[in-house]
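These notes concern the structure reproduced below.
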Amino acid sequence: MPEEIDLRPVNHITTDALGQPGKRVFYLQGWQKERTITLIVEKIQVQSLAVGIEQFLAELQNKFPDLMEASADFTEERMRIHPPVDPLFRVGEIGLGYDADNDLIVVVAREGVIEGENPADTTVVRFWCTRSQVRSLARWGAEVVARGRPTCPQCGEPIDPAGHFCPKKNGHKH
Ligand SMILES: [Zn+2]
62 MPEEIDLRPV
72 NHITTDALGQ
82 PGKRVFYLQG
92 WQKERTITLI
102 VEKIQVQSLA
112 VGIEQFLAEL
122 QNKFPDLMEA
132 SADFTEERMR
142 IHPPVDPLFR
152 VGEIGLGYDA
162 DNDLIVVVAR
172 EGVIEGENPA
182 DTTVVRFWCT
192 RSQVRSLARW
202 GAEVVARGRP
212 TCPQCGEPID
222 PAGHFCPKKN
232 GHKH
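The structure is reproduced here in structure tokens:
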């Protein structure tokens, strides 16, 4: 049986990256009172979630013109991942939904299917958030993604701290 976990509502939701540049691991973390759920995500998932949230909020604003504009106020200190960083699973898919009656956005994170595992047994976590919480998540997430490795001005590939073999310079290290 698939396990379903609802944090409704979350007190806070955030994303963050830990580790050396080039080897960062990205997390999605939400908590409800003393319960913390931490999931591993890919950088690209954080990126598309950030874009997806902004689009989703814009659509809601069109559909429900009376909604107050969601604020994006956040402080970096508050958005940093909090211990325990004890990931429950690696996320396969992230989706968004809206409960209009309660004005809550749901961020649905579904466990990625590991080879040999029954897809029906994957865990689903639903983080129920205010529109402002997800907008802060989106803005902060975009910032975390952008803080990665510097890119090479020659080829546009990321530069590792250890150096970079540039295809545009015939593999010379620079
Ligand atoms: Zn290069």
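Quick note: the sequence shown, position 104, residue 165 per my numbering, numbers continuous.
Each residue gets a CB set at the ideal place from its N, CA and C atoms; glycine is no exception.
Item: Is it the case that the Cβ atoms of W189 and T76 are separated by a distance below 8 Å?; Value: no
Item: CB of Q215 to nearest heavy atom of ligand 1: below 7 Å?; Value: yes
Item: Give, in chain order, every unbroken run of the beta strand (DSSP E) that is at least 3 residues long and sits entirely within the region 104-165.; Value: 152-160
Item: CA-CA distance, I220 and F226?; Value: 9 Å
Item: For F117, does the count of other Cβ atoms within 10 angstroms reach 16, so buried, or fall short, so exposed?; Value: buried
Item: Roughly how many whole angstroms lie between the Cα atoms of A181 and L128?; Value: 37 Å
Item: When the Cβ atoms of the region 102-113 are set against those of the region 191-206, are three or more pairs found closer than 8 Å?; Value: yes
Item: In three-state terms, what does DSSP make of H235?; Value: Note that H235 has pLDDT 49, beneath the 50 cutoff, so the model's placement of it is unreliable and no number is given.
Item: Looking only at C-alpha atoms, which of Y159, T136 and E178 sits nearest to K124?; Value: Y159
Item: Report the three-state DSSP secondary structure of Q215 (helix, strand or coil).; Value: coil
Item: I'd like to check one pair, A170 with V186: are the Cβ atoms closer than 8 Å?; Value: yes
Item: Using 7 Å as the cut-off, classify the Cβ of H225 as near or not near the heavy atoms of ligand 1, replying yes or no.; Value: yes
Item: Is it buried or exposed, A111, if we count other Cβ atoms within 10 angstroms and call 16 or more buried?; Value: buried
Item: Going by beta-carbon coordinates alone, are D164 and R192 separated by less than 8 Å?; Value: yes
Item: Once the 5 residues before and after A78 are set aside, which same chain residues still bring their CB inside 7 Å of it?; Value: R85, V86, F87 and V205
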